[in-house]
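Structure record follows, encoded as structure tokens.
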Amino acid sequence: MKALLQPGFNPRFKRSSLMLAIAAAGIFSGAVLAQGADVPLTVSVVQLDSPAIRGQLSDDRNVLLQGAIIRLVGTNRETTTDRQGRFRFDNLAAGTYQLEVSYLGYAVKQVDVLVTAEQGAALTLRFANNQVEVLNIVGSRDAQSRALNIQRASDNLKSVVSSDYLGRFPDDNVAEAMQRLVGASIQRDQGEGKYVNVRGAPLEFANVSIDGVQVPSPDSSTRAVDLDTIPSDIISLLELTKAITPDMDADAIAGNINIVTQGALDSKGRILRGKVSGGRNEKGNGDAYKLNLTYGDKFNGNEKAGFLFSGQHSETNRVTDNVEHTWMQLDSGAYVPQVTEFKDYELKRIRSGLSGRFDLRVDDNKHFYLSHNYSRFEDNEFRDTLLIEWERHTADSTQQQGVAGRATFDKELRHRTFVNRINTSVVGGRIDMDTFSTDFQLSHSSAKQSYPNRDYLIYRERSRPRLAYDFSNPDLPTFQVLNNAGEVVRTDFNFAPADMNWRRYERRTGGAEETEQAAALNFTLPGQWRSAYSELKFGVKARLKEKENDENRFRNSVGRNAPTFAEAIIDKQSRPFDGFYNNGPKLRRDFVSVYRDIFENADFLDRGAASVTGDYQAKEDIYAAYAQNKLDWDNTTVLFGARVEQTKNSGDAFEYDLDTDTATLQQASKRYTKFFPSAHLRHELDSGLIIKAAYSTGIRRPNFVDLVPYFIIEDRESGRGTVDIGNIELKPTYAHNLDLTGEYYMPPVGMISAGVFYKKLSDPIFKARSQFVGGDFDGFNMVRPENGDSGYLYGLELNWQQTLDFLPGALSGLGFIANYTHTKSQADLPFGIGKTELNGTSRHTVNLALQYDIEKFSSQLAYNYRSEYIDAFDTANPDLNLYWDGRGTLDFSASYKLTKQLSLFVEATNLTDSKAIRYQGERGRVYEHEQFGRAWQLGVSGKF
């Protein structure tokens, strides 16, 4: 344990948090709470020709119950029901067994089963009683029951939510759905969830999978997956595994986000459901709509083969107000604005998803499946920008007030479309033999980001006047245009068209693509080890990844016969932040089609460096093997083992000399091997309190763009220029992780948990500035990804979900969710220049939801808060590190059941119209202020 503690880590916090984790859950384990519904368990038996007990569990709605704990009383044999409600105990000795069935929401039941030397029993178990309201729960309580049972039964530490439960929240994509889980917080783009930080760790510390298949990243600059690409409607279950086991990929220091999709055999009978809704966005009064349809059925009406298809489509149109400032430090030490950009966005965002799955269950011993998931996200935006470059600040200028002796104003329209596509295809299966079982998975996944167009039309104000600023209100500063005598000329930026000169016309295209082919084979051998039931598992896996990025940039800076500003404007003003600023008229949206022939000619030139320096190709081959053993005693499970992964990286990129505009292709490669031990403990006390503890290890591989051998040289002739280079020798970040959690599950549907975690990090990665040593570039300033020495991350998680069904009358419909995560981190910067928090670490994350559910009506008011966190580092001047300020959002949803099949629902988001703020170093130096407005939807859903 001492080896895991780092300077700066507070052991007293760890001890007190451990005590809180156990005591808090222990207090509630002793509380007097309602028991699960005492519903009879009906049993039908079919004889098996082997000494085994196998079965399937459902309720009287024919819903297959996953996550039930099935025990053979008096033995160490225990298992859980799978996604089809099935369980099995093979190779049993002859005798009479008492089978215990435990499912949250029902009272525990026992069934006596006779097994002979040659015969066993196949059981069909069903909680059913027509005179009793099954589970006695409605709405979200029913929706979350399955997820809590899976979480309760897991051998390692994970959080689980179901699709029906997530459907109660107005979340459009997987990122937004993730924010409801304890330990998860999201990063937003244009007000919508995009990325997920798990337990305050950087984005790349967690991996994302769909049905166990890792999802590549469409972004050229990161391994983090754009989860705004994936519609939330494809989810059957959302699993966040926080302590990985040896049979999981090791690149998950913070955890694994697994999106589980539905199959036709996961429920009895036909599946047919749909949803349609429409609404508005407050800013811009833009329309929005969503469509969803899912259909699944069995072949020939049997339960052995089935298919399921699902399709989703949504569109939203909105306006976003944005202003950004970058800051610099004067020789006097004062910080002053360097660039200001007003960005007036008009957005159209379209999400589409298609998924399909085919399942074949040959018999009780053989199950095969084939599935494909496709997600597409399109962002089509017009951005009217007023850009101000501040120069020649007066000596008395300060951060709050000052004057620039010259200000350059550019009026720019950008029309950009980018499209993300994610595909995952997998074929797999499981075969159970008398003495062992084997499962396999073959998969292909791809993620592509394309920019079919990023077109720019730019005009510049000709006078370059003096400009005064006042940041007394850093979110909405004021400005004054001055004449040479210092007199105020104007307080807006609505310049006369005659004062605006044509500047340039530009186009950027390109994109990135990442693919992964993977194959995995696993074997499981049951047995006995002394007094424990043993389940030995081992396997191998290969993952072959490729990534490439391509940039193309063209510009016309000559502008023969270019239109005047007066010819290019439209009768529409840029008045962001409810008219607080007046930035003059907007430019025409069809400028490309109208002016193409004027600009795309001999003067439309490739920009050279900008088109080459971002291009790269990379490969990564990972070969893994593991072994683990799970030992079961009466109320205790221990899982331990290790994984080894060998990684080979190779890549191509260009060395580019900006002085001579020459490019030379470079190649680099590296190979390394890492070892990943882990151990997990699950112990259930007689009171029902479940203690889970884990030691695990993980890795964060460098981003591909950081590994490829790009080498950009600027100002070579001076002998004191700059080089910006990749680093194939960059080490992956390695982590030792400790977890301790107490969980208590309360009938009919509720739980309380408290836990602590600690991560010791080696070789954290940063982009750093230093001096090149030796060779032709000795003494040059160098920018390169580098490793720091070490770091740590620790935190506390509290979670409480409770239905208040014990209250009288109408109050029994109340329920609530409350979870809180505290995290703190620190890492060494490269070259011993200091320490910093990890990007993405918010000290406080809070989720609160008040729910009300009765027979036909269901509603929820949900609040999410994330405190400030560092977004980007400036290693040359940490006072200019970039932070996101804390932000809270309030959402509401409600539904009313019109008939047995149809429901009417309403959703409203960002009810408090909260704003997003980024700042450099301190809150007074605002880097970005963005407002999105409220939004609402009204729709109908149906299940048939």
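Numbering of the sequence shown is given in this note's numbering, commencing with residue -10 and proceeding in unit increments. For every residue, glycine included, the Cβ atom is placed at its ideal position computed from N, Cα and C.
Span separating the alpha-carbon of residue i from that of residue j
i: residue 507; j: residue 360; result: 15 Å
i: residue 465; j: residue 709; result: 41 Å
i: residue 355; j: residue 601; result: 52 Å
i: residue 44; j: residue 114; result: 7 Å
i: residue 831; j: residue 697; result: 31 Å
i: residue 814; j: residue 780; result: 7 Å
i: residue 674; j: residue 734; result: 12 Å
i: residue 955; j: residue 311; result: With the chain represented from -10 up to 933, any question about residue 955 goes unanswered, as that position is not in the structure.
i: residue 200; j: residue 850; result: 31 Å
i: residue 439; j: residue 365; result: 11 Å
i: residue 56; j: residue 149; result: 11 Å
i: residue 428; j: residue 352; result: 15 Å
i: residue 765; j: residue 875; result: 47 Å
i: residue 728; j: residue 898; result: 34 Å
i: residue 463; j: residue 363; result: 43 Å
i: residue 551; j: residue 584; result: 8 Å
i: residue 167; j: residue 451; result: 49 Å
i: residue 300; j: residue 742; result: 36 Å
i: residue 706; j: residue 235; result: 53 Å
i: residue 867; j: residue 917; result: 18 Å
i: residue 777; j: residue 691; result: 13 Å
i: residue 196; j: residue 461; result: 43 Å
i: residue 762; j: residue 712; result: 12 Å
Rounded distance between the beta-carbons of residue j and residue i, thought under 8 Å
i: residue 76; j: residue 66; result: That pair is no contact at about 11 Å.
i: residue 820; j: residue 892; result: The Cβ separation is near 60 Å, so there is no contact.
i: residue 862; j: residue 890; result: Wrong, their Cβ atoms sit about 54 Å apart, outside the cutoff.
Test item: CB-CB of residue i and residue j under 8 Å
i: residue 40; j: residue 85; result: no
i: residue 279; j: residue 922; result: no
i: residue 595; j: residue 543; result: yes
i: residue 738; j: residue 137; result: yes
i: residue 396; j: residue 486; result: no
i: residue 47; j: residue 293; result: no
i: residue 935; j: residue 512; result: This structure cannot settle anything about residue 935, because the visible part of the chain is limited to -10 through 933.
i: residue 664; j: residue 631; result: yes
i: residue 228; j: residue 249; result: yes
i: residue 183; j: residue 217; result: yes
i: residue 334; j: residue 304; result: no
i: residue 565; j: residue 398; result: no
i: residue 841; j: residue 879; result: no
i: residue 252; j: residue 92; result: no
Environment of residue i [buried if 16+ CB atoms lie within 10 Å]
i: residue 658; result: exposed
i: residue 865; result: exposed
i: residue 58; result: buried
i: residue 80; result: exposed
i: residue 715; result: buried
i: residue 307; result: buried
i: residue 467; result: exposed
i: residue 559; result: exposed
i: residue 62; result: exposed
i: residue 103; result: exposed
i: residue 194; result: buried
i: residue 882; result: buried
i: residue 127; result: Low confidence applies to residue 127: its pLDDT is 48, below 50, so where it sits in the model is not reliable, and the reading given next is rough at best. Buried.
i: residue 5; result: With a pLDDT of 49 at residue 5, under the threshold of 50, the modelled position of this residue cannot be trusted; read the value that follows with caution. Counting Cβ neighbours within 10 Å, residue 5 comes out exposed, since fewer than 16 surround it.
i: residue 797; result: exposed
i: residue 834; result: buried
i: residue 873; result: buried
i: residue 191; result: buried
- [ ] Answer yes if the region 500 to 519 comes into contact with the region 199 to 215, meaning at least three C-beta pairs across the two stretches below 8 Å, and no otherwise.
- [x] These segments touch.
Open item on the list: Measuring CB atoms only, is the region 613 to 622 touching the region 630 to 642, in the sense that at least three cross pairs come out at less than 8 Å?
Closed with: The region 613 to 622 vs the region 630 to 642: in contact.
TODO: Check whether the region 407 to 427 touches the region 466 to 477, counting contact only when three or more Cβ pairs, one atom from each stretch, lie closer than 8 Å.
DONE: At 8 Å Cβ cutoff, the stretches do not touch.
Open item on the list: Three or more C-beta pairs under 8 Å: does that hold for the region 764 to 777 against the region 166 to 184?
Closed with: Three or more Cβ pairs closer than 8 Å define a contact, and the region 764 to 777 falls short of that threshold against the region 166 to 184.
Task: Cβ contact check for the region 387 to 403 and the region 342 to 356: 3 or more pairs under 8 Å - done: The count of Cβ pairs closer than 8 Å, one atom from the region 387 to 403 and one from the region 342 to 356, stays below three, leaving the stretches out of contact.
Open item on the list: Quick test of the definition: if touching needs 3 or more C-beta pairs under 8 Å, does the region 428 to 444 touch the region 375 to 387?
Closed with: Counting C-beta pairs closer than 8 Å gives fewer than three between the region 428 to 444 and the region 375 to 387, which falls short of the contact rule.
- [ ] Take every Cβ of the region 234 to 251, pair it with every Cβ of the region 685 to 703, and state whether three or more of those distances are shorter than 8 Å.
- [x] They touch, by the three-pair rule.
Open item on the list: Is it the case that the region 150 to 159 contacts the region 746 to 753, given that we only count it when at least three CB pairs across the two stretches are under 8 Å?
Closed with: In the pairwise beta carbon analysis, the region 746 to 753 is classified as not touching the region 150 to 159: fewer than three pairs are separated by under 8 Å.
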